[in-house]
Amino acid sequence: MHVRLIPLLLAVPALGTLAVLPARAQDATVTQPTSDNEQVIGMAAQLESRYPGGGGSRFAPMPVFSLQHGVLFADQEHGAGLQFQLGPMFTLSQSVAYDFGRVDHDSRWRSGSTRLAGMGQVPDAFTSHTMLEAQFTPWLSVSAEAERTLRQSAPRTQFHLGTELGLFQTAHDGMAVDVDAWWGDAHYNQAWFGVTQAQAARSDFAPFQADAGLYAGSLGLGWEHKFDTHWTSTTQLTSTRYAGQVQGSPLLVRRTEPGAVWAITYTY
Numbered sequence: 240m241h242v243r244l245i246p247l248l249l250a251v252p253a254l255g256t257l258a259v260l261p262a263r264a265q266d267a268t269v270t271q272p273t274s275d276n277e278q279v280i281g282m283a284a285q286l287e288s289r290y291p292g293g294g295g296s297r298f299a300p301m302p303v304f305s306l307q308h309g310v311l312f313a314d315q316e317h318g319a320g321l322q323f324q325l326g327p328m329f330t331l332s333q334s335v336a337y338d339f340g341r342v343d344h345d346s347r348w349r350s351g352s353t354r355l356a357g358m359g360q361v362p363d364a365f366t367s368h369t370m371l372e373a374q375f376t377p378w379l380s381v382s383a384e385a386e387r388t389l390r391q392s393a394p395r396t397q398f399h400l401g402t403e404l405g406l407f408q409t410a411h412d413g414m415a416v417d418v419d420a421w422w423g424d425a426h427y428n429q430a431w432f433g434v435t436q437a438q439a440a441r442s443d444f445a446p447f448q449a450d451a452g453l454y455a456g457s458l459g460l461g462w463e464h465k466f467d468t469h470w471t472s473t474t475q476l477t478s479t480r481y482a483g484q485v486q487g488s489p490l491l492v493r494r495t496e497p498g499a500v501w502a503i504t505y506t507y
């Protein structure tokens, strides 16, 4: 059994990926299909901040899914696209998803808070995801991903590097550690963590310029339990640290944020 941690929907880009940590940590996802034709559906309960670095917390129930048919796939983290096996070790995928952006008021389903009043929106947009994953051993995998918006009026790009290390696995249980880092271009970091002169005039925040570079890192611990051949539960605890180019952002209430996800899925 290979444990696949559930990405939190952080708007961090994941750390906000379905969203985007803005993605919202963005990233919850489900255990990936293990065959060329498999479907996984379920429900997840997620405890997250209202927006990346915004402090506070909200409870967000959400559906999760992962569908695979040959080279075609779809899931709530990466959207829908194509996935190719490049030899015994590497997997390359290209997909299109949707980034819901951020609003400047409280929302049940989008990243945002009334604390951001006057900041306006981080525009929503379709996104292109390109990911290369290497499964070096049954217990060690590394992935690199580039995500960019497909909306010319709201260009932004983020990059994600992740490592998953399996701690143990039995016939019914598995545990893994996930270490991730996120970088954003100047458009991305400024959109999610910067404050323009115009925004400063409309809000309570001082101007802040967020340049391109590292903006967050996270550490996650996941536990997967298989009840039978169909039913599986996944629990994940995550700590995200905002750093690098955005650590001085006035939008950050907490530079280190906890997150939690629990999901129950059915494979058929």
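Counting in the working numbering, the sequence shown runs from 240 upward without gaps.
Cβ atoms here follow ideal geometry from the backbone N, Cα and C, with glycine treated the same way.
Because the structure is a prediction, the values reported are computed rather than measured.
Does DSSP put residue i in a helix, a strand or coil?
i: Ala482; result: coil
i: Tyr505; result: strand
i: His426; result: helix
i: Leu254; result: Here Leu254 scores only 39 on pLDDT, less than 50, and its place in the model is too uncertain to base an answer on.
i: Leu491; result: coil
i: Ala319; result: strand
i: Gln448; result: coil
i: Val500; result: strand
i: Gln519; result: The requested residue 519 is not part of the displayed model; the chain covers only 240 to 507.
i: Ala393; result: coil
i: Ala420; result: strand
i: Ala410; result: coil
Residue i and residue j: beta carbons closer than 8 Å?
i: Gln278; j: Tyr507; result: yes
i: His368; j: Pro394; result: no
i: Gly293; j: Ser352; result: yes
i: Ser296; j: Ser305; result: no
i: Leu404; j: Trp421; result: no
i: Phe329; j: Glu372; result: yes
i: His417; j: His464; result: The amino acid at residue 417 is misidentified as His; the sequence shows Asp. Cβ atoms of Asp417 and His464: not closer than 8 Å.
i: Gly401; j: Phe447; result: no
i: Val342; j: Asn428; result: no
i: Leu490; j: Phe432; result: yes
i: Gln438; j: Gly359; result: yes
i: His344; j: Ser332; result: no
i: Met301; j: Gln285; result: yes
i: Val468; j: Ala502; result: The residue asked about is misnamed: residue 468 is Thr in this sequence, not Val. Not closer than 8 Å, so no.
i: Gln475; j: Val500; result: yes
i: Gly281; j: Val310; result: no
i: Ala356; j: Ser478; result: no
i: Ala415; j: Gly452; result: no
i: Thr338; j: Thr388; result: Per the sequence shown, the amino acid found at residue 338 is Asp instead of Thr. Cβ distance < 8 Å, so Asp338 and Thr388 count as in contact.
Identify every residue that forms a DSSP beta bridge with residue i.
i: Asp467; result: Paired residue(s): none; Asp467 is not in a bridge.
i: Trp431; result: Answer by DSSP bridge pairing: none, since Trp431 is not bridged.
i: Pro377; result: In DSSP, Pro377 forms no bridge with anything.
i: Arg289; result: Beta-bridge pairing links Arg289 to no other residue.
i: Leu441; result: It is worth fixing the name first, because residue 441 is Arg in this sequence and not Leu. Answer by DSSP bridge pairing: none, since Arg441 is not bridged.
i: Gln278; result: Leu306
i: Gln475; result: Gly461 and Val500
i: Ser367; result: Val335 and Arg387
i: Leu295; result: Here residue 295 turns out to be Gly, not Leu, going by the sequence shown. Paired residue(s): none; Gly295 is not in a bridge.
Just to check my reading of the structure: residue i and residue j have Cβ atoms closer than 8 Å, yes? What is that Cβ distance to the nearest angstrom?
i: Gly456; j: Ala482; result: 6 Å
i: Val335; j: Phe365; result: 6 Å
i: Val492; j: Ala430; result: 18 Å between Cβ atoms; not a contact.
i: Thr495; j: Thr471; result: Not confirmed; about 30 Å, so no contact.
i: Asn276; j: Gln307; result: 6 Å
Taking only runs of the beta strand (DSSP E) that begin and end inside the segment 308-357, which ones reach a length of at least 3 residues, in chain order? For the segment 308-357, whole beta strand (DSSP E) runs of length 3 or above, ordered along the chain, are 311-314, 318-325 and 329-338.
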